[in-house]
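Working notes, beginning with the structure itself.
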Amino acid sequence: MKNLTFPSLIFQGSVVAIATTVLTSTVVETAQGATVTYTLEGTVTSGPLLNQTYSGIFSFDDASLTGSGDEFLTVDTIFVNFNGSTFTKADATVPPEVSFFEGDFLGLSFSVSQDTPPLSFSFIPGFFDVTESFVSYEENTLAGDGNVIYSQISVPESSSILGLFGFGLYGLAVFFKQKSPAKISRSLKL
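Reading the sequence shown from the start, the letters are residues 10 to 199 in my numbering.
Here it is as structure tokens:
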């Protein structure tokens, strides 16, 4: 059994705290460029599909987003329910992407065209603002459009992770403060 003095326990605790802080900072730093997920929903406002609703979910990696000028990021996964069918990235006529201007999300660019039944539709991003985005479609040579509402699915913030880490350190501090060095050694079985 190794005897540890109170100062050596404090030193070990400091080393653990510093190492954990460095590792947590590294994890938080890599989390900055993370997968971002949005849901979409809307209603057809004109044409033969008037008042039909559509919905979907898509995600993309924002690691390359600079927040400057016009930017377009490739969509990694997408599922859209439109006119009773589900469409994915494999159904797209061109690779789907999301648009940003000066770091602000403008919407989704996603187009599908099928022969049976004859239907094509496109999600079109806004030019200056996400509220300008819309859906345009054509069914059996009749056209229409609809609105789109996007909602980002929230994920835990890095500050939440740091907060939990802080609570853990606080718990350790209380644990060590309440016990004498001899009791700590017995508790740790050193």
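Even glycine gets a Cβ: it sits at the ideal position worked out from N, Cα and C.
Out of curiosity, what's the CA-to-CA distance linking residue i and residue j?
i	j	result
aspartate 124	phenylalanine 137	33 Å
proline 134	glycine 76	17 Å
threonine 54	serine 131	14 Å
proline 126	serine 108	30 Å
isoleucine 87	glycine 155	19 Å
valine 103	threonine 97	12 Å
glycine 153	serine 145	6 Å
Is the beta carbon of residue j closer than 8 Å to that of residue i?
i	j	result
phenylalanine 143	valine 121	no
glutamate 148	leucine 58	yes
leucine 117	leucine 49	yes
alanine 43	aspartate 71	yes
glycine 56	leucine 151	yes
phenylalanine 110	aspartate 79	yes
Tell me residue i's beta-bridge partners as DSSP assigns them.
i	result
glutamate 9	Summary: the structure shown does not reach residue 9, with the chain confined to residues 10 through 199, and so no result is reported for it.
asparagine 156	Phe143
glycine 116	Ser108
threonine 83	Glu106
phenylalanine 96	Val89
Please report the Cβ distance between residue i and residue j, rounded to the nearest whole angstrom; I am assuming they are in contact, meaning their Cβ atoms lie under 8 Å.
i	j	result
phenylalanine 69	valine 84	5 Å
Counting only the same chain and skipping the five closest in sequence on each side, list residues whose C-beta sits under 8 Å from that of residue i.
i	result
tyrosine 159	Tyr47, Thr48, Leu49, Phe114, Gly116, Leu117, Val139 and Ser142
threonine 35	Because the pLDDT at threonine 35 is just 39, under 50, the model does not fix this residue reliably, and the value given afterwards should be weighed accordingly. Nothing meets the Cβ criterion.
glycine 62	The amino acid occupying residue 62 in the given sequence is threonine; glycine does not appear at that position. Once the five neighbours on either side are set aside, the close Cβ partners of threonine 62 are Glu50, Gly51, Thr52 and Val53.
By Cβ distance below 6 Å, which residues in the same chain neighbour residue i in space, the five residues on each side in sequence not counted?
i	result
isoleucine 162	Thr46
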